[in-house]
Amino acid sequence: MSDDVRVRFAPSPTGRLHIGGARTALFNWAYARRRGGRFVLRVEDTDRQRSTPEFEQAILDGLSWLGIDWDEGPIVGGDRGPYRQSERREAHLATAGKLAEAGWLYRCFCSPERLASLREEQIARKETAAYDGRCRELTAEECDGRVNAGEAPVLRFRVPAGETRFSDLIRGDVAFQNREVDDWVTVRADGSPTYNFVVVCDDAHMAITHVIRGEEHLTNTPKQVLLYRALELEVPEFAHLPLILGQDKKKLSKRTGDTALDDYKDKGFPPEAVLNFLSLQGWALDGETEVFSIDQLASHFDVVDVSKGGSIFDAEKLLWLAGQYLRDEDLDHLVERAGPFLVRAGYLAESELADRAEFVRAAVATVQERSRTYAEVAEQLAYLFVPDDAVEYSEKGEKNARKQGNDALSAYLPWLTDRLAQRASADELRDATKAWVAERGDKMPALFAPLRCALTGAPGGPDLFEVIALLGPERTLARVGAGLERLG
RNA sequence: GGCCCCAUGGAGUAACUGGUCAACUCGUCAGGUUCUCAACCUGGAGACUGGGGGUUCGAAUCCCCCUGGGGUCACCA
Numbered sequence: 004m005s006d007d008v009r010v011r012f013a014p015s016p017t018g019r020l021h022i023g024g025a026r027t028a029l030f031n032w033a034y035a036r037r038r039g040g041r042f043v044l045r046v047e048d049t050d051r052q053r054s055t056p057e058f059e060q061a062i063l064d065g066l067s068w069l070g071i072d073w074d075e076g077p078i079v080g081g082d083r084g085p086y087r088q089s090e091r092r093e094a095h096l097a098t099a100g101k102l103a104e105a106g107w108l109y110r111c112f113c114s115p116e117r118l119a120s121l122r123e124e125q126i127a128r129k130e131t132a133a134y135d136g137r138c139r140e141l142t143a144e145e146c147d148g149r150v151n152a153g154e155a156p157v158l159r160f161r162v163p164a165g166e167t168r169f170s171d172l173i174r175g176d177v178a179f180q181n182r183e184v185d186d187w188v189t190v191r192a193d194g195s196p197t198y199n200f201v202v203v204c205d206d207a208h209m210a211i212t213h214v215i216r217g218e219e220h221l222t223n224t225p226k227q228v229l230l231y232r233a234l235e236l237e238v239p240e241f242a243h244l245p246l247i248l249g250q251d252k253k254k255l256s257k258r259t260g261d262t263a264l265d266d267y268k269d270k271g272f273p274p275e276a277v278l279n280f281l282s283l284q285g286w287a288l289d290g291e292t293e294v295f296s297i298d299q300l301a302s303h304f305d306v307v308d309v310s311k312g313g314s315i316f317d318a319e320k321l322l323w324l325a326g327q328y329l330r331d332e333d334l335d336h337l338v339e340r341a342g343p344f345l346v347r348a349g350y351l352a353e354s355e356l357a358d359r360a361e362f363v364r365a366a367v368a369t370v371q372e373r374s375r376t377y378a379e380v381a382e383q384l385a386y387l388f389v390p391d392d393a394v395e396y397s398e399k400g401e402k403n404a405r406k407q408g409n410d411a412l413s414a415y416l417p418w419l420t421d422r423l424a425q426r427a428s429a430d431e432l433r434d435a436t437k438a439w440v441a442e443r444g445d446k447m448p449a450l451f452a453p454l455r456c457a458l459t460g461a462p463g464g465p466d467l468f469e470v471i472a473l474l475g476p477e478r479t480l481a482r483v484g485a486g487l488e489r490l491g
């Protein structure tokens, strides 16, 4: 039934939330919303060495930052918990017991060393590396004897002959020969259950109807399908999402760029833009609309529309999208988001954000249309927060200035001093200045290039009269004075 | 290497169940606008839909082969 769709996102808290994981979560979420189903969050923290509460928190925070909420899982609870895998150990072992009883599991005493050399040999012979079944037919007596002698066996799944096929919502029918699927370990020698085993236990327990995950799990699927059947459970629908690739066309990894969602948060990307971008990796709303909200995603998304091929992560397009969102933000909202970046850059103290609110607001307003991230907002305002005699002249800015010479600027200084004393408004000053330049028979850049360099050091930027308004008369004149010397 | 998956301009995608010039967005190039940068506007280049065979009146869409790329082969998840 379409109305009891249940999907899940099952990250392991062994690192920060990966950009690919974030998209997997997003597509699961969107599918649940579209179908009126439930989105379950399950934390797979069974690798106790590597799992930490901090990473778990970071992952939850990452999802929240994007605007993804979950109906069941950590914090919110639910009646099919616990949602932390480590807390489900008993249920896992009970299921293992049941399976063993039914004859699906057998004890294996092969040493890791034997398995390793077996693998090597098989690879050398160009065969599929798989367990050879040496312990498959041991009798109960033999096994008990070895256990009493102190050997600790693993429990392997007895893969039947034949083939396993399943239908993938994105890829269609997929078939694997069972002989290619080895008798994999379900319970380790120390009694802990393995990943492929617990995934099925948990997905079944949580009544997951659609398993939507990354393509790297495609080869795990036959093992899991076999397990569902052995357990006499209904097999869920599967959908394997194409991978997000780096510039090298390989699975996105740290080598090829920022892979953690946090990196984009830290770099000041609007979360809406990141979410929008992620949606576009493997999916399109209608083939025309590029910029859309999370609500539009939720009302249009369907996994069957996801494309099969992996997509290369294009940072340029993400930046473009970021700019779309940032320019569209309400100024107060933008100030709120960009403020922390001004503080982080060391331009302002936290308290000044409030104390100098009007100034900050006016400053941010000047760069909104030319910024794509909050970090860029701060970056472009850097010139405001340096001493007037130490404005950093960019190479290009200075070159532009020197090309024009100092004549216009030095003549302008006394004129400007006078105007500023009369408290001319930005608009008045702009008009008057242009008239003044024209009267001298100069081209506009003759004055503006050196003036811009003196005031901001940059080759381009906001309207200079807005800059002057931000700096105020005193600092403006100080900078022009300093500029005349430095450029002379 | 075995197995599995995939393949539309540089990138992301579209093209209903095969049907006129393969569409949109990013990027790129040129011009306009601006003191300038960005934004914005206009225009352009860029794909014989990886290659080769079929099926068909007709294929990016169906079939086969090849090539290329990726994923995966643990007592990690």
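Heads up: the first sequence runs through residues 4 to 491, numbered per the numbering used here.
A virtual CB, placed ideally from N, CA and C, is assigned to each residue, including glycine.
In this structure the stretch 267 to 274 does not touch the stretch 39 to 55; the number of beta carbon pairs closer than 8 angstroms is below three. For the pair of segments examined, the stretch 218 to 229 was found to touch the stretch 158 to 177: the number of CB pairs separated by less than 8 angstroms reaches three. Collapsing the DSSP output to three states places ASP466 in coil. DSSP lists ILE247 as the bridge partner or partners of SER314.
Every beta strand (DSSP E) stretch that sits fully inside the stretch 151 to 177 and reaches 3 residues is listed by chain position as 157 to 160, 166 to 171.
As the crow flies, the alpha-carbon of ASP317 is around 10 angstroms from that of ILE247.
The criterion of a C-beta distance shorter than 8 angstroms is satisfied by LEU334 and ARG364. In the structure shown, LYS129 falls within a coil segment according to DSSP collapsed to helix, strand and coil. In this structure, ARG482 sits away from ALA461, with a CB-CB distance that is not shorter than 8 angstroms. Restricting attention to VAL338, ALA348, GLY106, CYS113, the CA atom closest to the CA of ALA233 is found in GLY106.
Around the Cβ of GLU401, a 10 Å sphere holds 16 or more other Cβ atoms; the residue is buried. Measuring C-alpha to C-alpha distances from ILE215 to each of GLU104, ILE297, SER170, ASP251 identifies SER170 as the nearest. Between the stretch 84 to 99 and the stretch 190 to 204 there are three or more C-beta pairs closer than 8 angstroms, enough to call the two in contact. Put simply, the backbone Cα of LEU324 is about 29 angstroms away from that of PHE468. Nearest to PRO225 by alpha-carbon distance, out of PRO163, GLY23, GLN284, is PRO163. A distance of 8 angstroms or more separates the beta carbons of ALA192 and LEU236. Going by beta carbons, PRO245 and GLY290 fall outside the 8 angstroms limit. Around the beta carbon of GLU75, a 10 Å sphere encloses 16 or more other beta carbons of the protein chains shown; the residue is thus reported as buried. Runs of the alpha helix (DSSP H) lying entirely within the stretch 14 to 53, each at least 4 residues long, are 22 to 38 in chain order.
With respect to LEU412, GLY475 sits apart: the two C-beta atoms are not nearer than 8 angstroms.
Taking C-beta atoms under 8 angstroms as the contact rule, ALA404 and ALA452 qualify, at a distance of about 5 angstroms. GLU154 and GLU93 have their C-alpha atoms roughly 23 angstroms apart. In this structure, DSSP gives LYS252 a state outside helix and strand, which the three-state scheme calls coil. In this chain, the beta strand (DSSP E) harbouring TYR109 covers 108 to 111. A contact is defined here as three or more CB-CB pairs under 8 angstroms, and the stretch 304 to 317 fails this definition with respect to the stretch 328 to 344. The three-state reading of DSSP puts PRO274 in helix, counting H, G and I together. DSSP places GLY408 outside any beta strand (DSSP E), giving it a letter other than H or E. Only residues of its own chain outside the window of five on either side were considered, and among them ARG9, VAL10, ARG11, PHE12, TRP73, ASP74, GLU75, GLY76, GLY81, ARG83, TYR86, MET209, ILE211 have a CB closer than 8 angstroms to the CB of VAL43, listed in chain order. If you draw a 10 Å sphere on the C-beta of PRO390, you find fewer than 16 other C-beta atoms in it, and that means exposed.
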